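Residue numbers (our numbering), protein chains in the order written: chain A, 2 to 201; chain B, 155 to 790; chain C, 341 to 494.
Note sheet for the following structure.
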Amino acid sequence: MIALSIDGKKVWAKEGSTILEAARLYNIYIPTLCYHPLLSPYGACRLCSVEVVQRGRSRIVVSCLFQIEEGLEVKTNTERIQKLRRGIIELLLARCPSTERIQNLAKEMGVLKPRFSSENEDCILCSLCVRVCQEISEKKALSFVSRGTKREVATPFYQPSEECFDCWGCAYVCPTGAIKIENGKLVFPWMKKDLIFSKD
Amino acid sequence: MKIKTPEDLYMIKNEGLKALYPGKTKITVGTSTCGLATGAGKVLESLVDEVQKNDMDILIEKVGCLGFCQKEPIVTVLEPGKPKIIYEQITPEKVVELIAVLKRGEIKKDWVLCKMEEEECLVEGVTKKFCNEEGLKGVEDICLYQEVDFYRKQLKIALNNCGFIDPERIEEYIARGGYFPLYKVLHEMSPQEVIEEVKQSGLRGRGGAGFPTGVKWESCRNAKGDIKYVICNADEGDPGAYMDRSILEGDPYSVLEGMVIGAYAIGAHEGYIYLRNEYPLAIRTIKKSIEKAEGCGLLGKNILNSNFDFTVKINRGGGAFVCGESSALMASLEGKVGEPRAKYIRSVEKGLWDRPSNINNVETWANVPVIIARGAEWFAKIGTKSSRGTKVFSVVGKVNNTGLVEVPMGISLKEIIYDICGGVQGNKKFKAVQTGGPSGGCIPESLIHLPVDYEELTRVGSMMGSGGMIVMDEDTCMVDIANYFLTFLEEESCGKCVPCREGIKRARQVLQGITEGRGEEGDIELLQDLGAILKDGSLCGLGTSAANPVLSTLRYFREEYETHIRNKKCPAGVCRELFQYFIDPERCEGCHRCVEVCPQQAVSGEKRQPHSMDQSKCIKCGACVEVCKFGAIVKQ
Amino acid sequence: MEPSINNEKIDSIIEKYKGEKGLLISLLQDIQTEVNYLPREILIKVSKEMDIPLSQVFSVATFFKAFSLKPRGRHLINICLGTACHVRGAIGILGKIERELNIKVGDTTKDFRFTLETVRCVGCCSLSPVVVIDENTHGRVKQEKVFTVLENYR
Chain A
2 MIALSIDGKK
12 VWAKEGSTIL
22 EAARLYNIYI
32 PTLCYHPLLS
42 PYGACRLCSV
52 EVVQRGRSRI
62 VVSCLFQIEE
72 GLEVKTNTER
82 IQKLRRGIIE
92 LLLARCPSTE
102 RIQNLAKEMG
112 VLKPRFSSEN
122 EDCILCSLCV
132 RVCQEISEKK
142 ALSFVSRGTK
152 REVATPFYQP
162 SEECFDCWGC
172 AYVCPTGAIK
182 IENGKLVFPW
192 MKKDLIFSKD
Chain B
155 MKIKTPEDLY
165 MIKNEGLKAL
175 YPGKTKITVG
185 TSTCGLATGA
195 GKVLESLVDE
205 VQKNDMDILI
215 EKVGCLGFCQ
225 KEPIVTVLEP
235 GKPKIIYEQI
245 TPEKVVELIA
255 VLKRGEIKKD
265 WVLCKMEEEE
275 CLVEGVTKKF
285 CNEEGLKGVE
295 DICLYQEVDF
305 YRKQLKIALN
315 NCGFIDPERI
325 EEYIARGGYF
335 PLYKVLHEMS
345 PQEVIEEVKQ
355 SGLRGRGGAG
365 FPTGVKWESC
375 RNAKGDIKYV
385 ICNADEGDPG
395 AYMDRSILEG
405 DPYSVLEGMV
415 IGAYAIGAHE
425 GYIYLRNEYP
435 LAIRTIKKSI
445 EKAEGCGLLG
455 KNILNSNFDF
465 TVKINRGGGA
475 FVCGESSALM
485 ASLEGKVGEP
495 RAKYIRSVEK
505 GLWDRPSNIN
515 NVETWANVPV
525 IIARGAEWFA
535 KIGTKSSRGT
545 KVFSVVGKVN
555 NTGLVEVPMG
565 ISLKEIIYDI
575 CGGVQGNKKF
585 KAVQTGGPSG
595 GCIPESLIHL
605 PVDYEELTRV
615 GSMMGSGGMI
625 VMDEDTCMVD
635 IANYFLTFLE
645 EESCGKCVPC
655 REGIKRARQV
665 LQGITEGRGE
675 EGDIELLQDL
685 GAILKDGSLC
695 GLGTSAANPV
705 LSTLRYFREE
715 YETHIRNKKC
725 PAGVCRELFQ
735 YFIDPERCEG
745 CHRCVEVCPQ
755 QAVSGEKRQP
765 HSMDQSKCIK
775 CGACVEVCKF
785 GAIVKQ
Chain C
341 MEPSINNEKI
351 DSIIEKYKGE
361 KGLLISLLQD
371 IQTEVNYLPR
381 EILIKVSKEM
391 DIPLSQVFSV
401 ATFFKAFSLK
411 PRGRHLINIC
421 LGTACHVRGA
431 IGILGKIERE
441 LNIKVGDTTK
451 DFRFTLETVR
461 CVGCCSLSPV
471 VVIDENTHGR
481 VKQEKVFTVL
491 ENYR
């Protein structure tokens, strides 16, 4: 067992645990979006960022991936962290203004109206669906396609996948309800777009 | 033949010396990509033709880049006993006369850049004189290589062979001292001693971050695992930087030798060179070099009869700047997309295929054989206390003499831009120099005396990066530059993490708005907020340093932003929505050329009468400005 | 105008890389050099022969700018938009080529003569603005010379 401190409180957790896992043992709240205890952590939403002090140096790390060490000092809710989280939620709210999960998180953090123009997405590219398909059902039918601002989740060639066997794990784990089930079929965000398959 | 003993090496060295300094006239042409782009390929063909036609016994060789790209194509002529003459800007048309002049035993002085009476072989620490008393006559008026402004303050370590050897001939590399350091390492030094030497030298990563190389090697050596990798990062994505390409095209064996030395020190037997797809000549050159080195027993099994095995493979990039980031590069080497990962567990412990991996930049590897040969102490004397050795910079943009410059760390920006590269083009006013690529920042005139080293550049809001140095003048708009870099980063972001993907997009939208006259009060504060999110929240270096171009231009050129936002004007005359082209009736001669080239029929007028511009049609493409010989089209 | 696919050649390319999953990108590049783009059937074949999930192959094919999933023109125009070229007017050259060929970046002309792409720095900065067509680098390009340069490529 390794001893560390989170927000001044001394806690113990097994070697190899992440800060987030240690915090959850003690019901210390750190917000997350792309984390799921049954899937390997991904570190994409950055919401679970915390400040750590190591060898006198302070830096910001994501708690879902950072492994604990003896004597680590963790601060989960400093002003700098709060500002960062509000910034992330503001960016997500601008991307997904009508998504309930994001609206709730924003309200919780005191973010009302984003200073950016609104888009109209539901998917936050958290990769939970991709990870379920890779790690739980192991079908690997879903992956990220393109990059940067054009990045999205899709099956190969945006066509029904031969590998998919309708376990619906992706829809189950999706934090924003971007993946829907209609008439017993999975409906992904790209299907709603007027997309004649092209690489762009 | 496989080289096994020092005697074998010396034998090849002698062959190489004969090739470098044959007993007859030798002409070399710089045929790196930049040389070829200026027509060096055709110059080479014309030379071969002309020499054949004149039935002359002359050796013609291809060499790498001498660095003075502004003066390409560069041709050197070495006649036995005479100084080496370096000719500049030789075109195929000039070749006929050049050969005719040579046939007469003369020199075409109008076309000469400089002469070399001796050549320094840096690895061996010796100077080779190649002309006698007789040869020195008649060339007193030609300046020496060391006296040319462009070369005078340079000290070539990584570039020491570029332009002097045929990059494909391993014997020439060996003739200038190559592979003797490797022999020393494999037979006379232990891995720990090699690591100590590199640590003592103070060599820091030349790819950007500047991490101490010896320390990195040591961590990798100490990491648990039997299988380890050494990797050469040749992705060189920074726009404006091309030193890695020049080294790979001009002196590939230096990188290979460096990698074997590093692999031995670390205990790795497999290596990868990750090379940018946009560098086809570099790819061909390094592939051939690997084959040759394998053929000579300098790569592969039992190198130099030492029982040390090391093989290297080439992997090509697919056009993604983010793959210059080490964890994204390793993902790409695994056949996956170039998505970086958190580096809480460092790659020296778990990198490629989760095994200890040491990654270094091309220029870093190229320094290694020289450090082994000349010693850590020699290297550490060069440069500054925190930044030892030299750095290669690609100085481009609005300078008179663009090219590759290798200088000791600590030299000032002023010396590089003005003394070496001849100052700003066209006598325009210097405005800023951009260093560090898209992760760096702009440095204004007030800091022109800044000594160049890792810490100093970071202190002023920029960074060393891979060494790209872009000079900007009064006609450059700093808001446009910030917009340019953010547009670049937006396209190159892998898209994995929210701060980078969303943050860069929104910052670019704000900047674009400012350049298009839609800037609002509060935009600057918004950009600063986004900068903080990027810095604190991003997964990798692309994101964390994405704010640098914006924040550094805001720091030094805030009024320019404010003028765009409040007055809707672009002082430099770059942002198209914020200026108009106006035809000055005093200067316009009515030659009608602008009317002919205008794609929108925005210009009209009678021949020989002053013309006029229809602002509602003008798209500011600048085609008219290009063709106007009277400077009559001005920005307002 | 679909380029015809030489299946034997494709098979031999894949054979060369068999067992080397890490070299997927190099493999796709060799295929693209041969076929001019990455057809769907070939990507499916690569997935099977290399034992790499099709979703990963598709990810890689769409992530990297070097790859095209649509047929491209006979000649590939790459306008350099590197910083040095940018400050020396590359945008103007891009505009001129777009108007000249009546296409936008990423598109191919209707007669499949040209595909227009941009690249950030080919390292010929002293010759900016630079346009690379196929393997030829054209330096110091001026708007009025664009037509003449393009004429060389039929």
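Virtual Cβ for every residue (Gly too), placed ideally from N, Cα, C.
Since the model is a prediction, treat every value here as computed from it, not as a measurement.
- Query: Leaving out the 5 sequence neighbours to the left and right, which residues in its chain are closer than 6 Å to E675 of chain B when beta-carbon positions are compared?
  - Reply: none
- For F145 of chain A, the nearest candidate out of A:S138, A:E136, A:G178, A:C130 (CA to CA): A:C130
- Task: Express the C-alpha separation of T281 of chain B and E169 of chain B in angstroms, rounding to a whole number.
- Result: 19 Å
- Task: Kindly list, in the order they appear in chain C, the residues whose Cβ is closer than 9 Å to that of Q769 of chain B.
- Result: Under the 9 Å cutoff, chain C gives no residues; its nearest Cβ is about 18 Å from Q769 of chain B.
- Task: Can you give me the start and stop residues for the alpha helix (DSSP H) that D351 of chain C sits inside?
- Result: 347 to 357
- How would you call Q790 of chain B, buried or exposed, if buried means at least 16 neighbouring beta carbons within 10 angstroms? exposed
- Item | Partners in chain B for K361 of chain C, counting only beta-carbon separations shorter than 8 Å | E488, G489
- Please compile the residues from chain A whose C-beta is within a distance smaller than 7 Å of the C-beta of V704 of chain B. By Cβ distance, chain A contributes nothing, its closest Cβ being about 15 Å from V704 of chain B, past 7 Å.
- Message: Are the CB atoms of Y337 of chain B and P791 of chain B within a distance shorter than 8 Å?
- Response: Only positions 155 to 790 of chain B appear in the structure, and residue 791 of chain B is not among them; the question remains open.
- Query: What's the call for I350 of chain C, buried or exposed, on a 16-neighbour Cβ count within 10 Å?
  - Reply: buried
- Can you tell me which of the three DSSP states G594 of chain B falls into? coil
- Heavy atom of the ligand FAD within 7 Å of L21 of chain A beta-carbon: Absence of the ligand FAD is noted for the structure shown, with no ligands found whatsoever.
- Using a threshold of 8 Å, state whether the C-beta atoms of S706 of chain B and G595 of chain B are closer than that. yes
- Message: I'd like the ranges of any alpha helix (DSSP H) spanning at least 4 consecutive residues and lying wholly in the segment 60 to 111 of chain A.
- Response: 80 to 96, 101 to 110
- If you measure beta-carbon to beta-carbon, which residues of the segment 383 to 416 of chain C are closer than 7 Å to chain A? P393, L394, S395, Q396, F398, S399, T402, F403, S408, L409, K410
- Item | Anticipated Cβ contact below 8 Å, V293 of chain B with I244 of chain B, distance rounded | Going by Cβ atoms, the distance from V293 of chain B to I244 of chain B rounds to 18 Å, so no, they are not a contact pair.
- Task: Express the C-alpha separation of E273 of chain B and P234 of chain B in angstroms, rounding to a whole number.
- Result: 14 Å
- Name, please, each residue of chain B whose Cβ falls closer than 8 Å to the Cβ of A45 of chain A. K650, C651, V652, L693
- Give the DSSP-derived three-state secondary structure of K181 of chain A in the structure shown. strand
- Item | V300 of chain B at chain C interface by Cβ criterion, 8 Å | The amino acid at residue 300 of chain B is misidentified as Val; the sequence shows Gln. By this cut-off, Q300 of chain B is not an interface position.
- Task: Would you list the residues sitting across from I417 of chain C in a DSSP beta bridge?
- Result: C:L456, C:I473
- Query: Under a CB-based cut-off of 8 Å, is G99 of chain B close to chain C?
  - Reply: With chain B represented from 155 up to 790, any question about residue 99 of chain B goes unanswered, as that position is not in the structure.
- Query: Would you say G697 of chain B reaches chain C, if we count a Cβ-Cβ gap shorter than 8 Å as a contact?
  - Reply: no
- Starting from L93 of chain A, find everything on chain B with Cβ-Cβ shorter than 8 Å and list it in chain order. V652, E656
- Task: Flag this pair as yes or no: are the beta carbons of G379 of chain B and R509 of chain B separated by less than 8 Å?
- Result: yes
- Considering V339 of chain B, what are the terminal residues of the alpha helix (DSSP H) in which it resides? 334 to 342
- Would M413 of chain B pass as a contact of V352 of chain B if the rule is Cβ separation under 8 Å? no
- Item | Reduced DSSP secondary structure (H/G/I, E/B, other) of V462 of chain C | coil
- Query: Leaving out the 5 sequence neighbours to the left and right, which residues in its chain are closer than 7 Å to I365 of chain C when beta-carbon positions are compared?
  - Reply: V400, F404
- Query: Looking at C-beta atoms only, is the number of pairs between the segment 462 to 479 of chain B and the segment 691 to 698 of chain B that lie closer than 8 Å three or more?
  - Reply: yes
- Item | Residues bridged to I513 of chain B [DSSP beta-bridge criterion] | B:I385
- Item | Length-filtered (4 minimum) alpha helix (DSSP H) runs lying within the segment 113 to 192 of chain A | 129 to 132, 170 to 174
- Verify the CB distance criterion: does V62 of chain A have a CB-CB separation below 8 Å to chain B? yes
- Message: Using DSSP's beta-bridge definition, name the partner residues of V183 of chain B.
- Response: B:K216, B:V229
- Query: From which residue to which residue does the beta strand (DSSP E) around Y735 of chain B run?
  - Reply: 735 to 737
- Query: At a Cβ threshold of 8 Å, is P157 of chain A touching chain C?
  - Reply: yes
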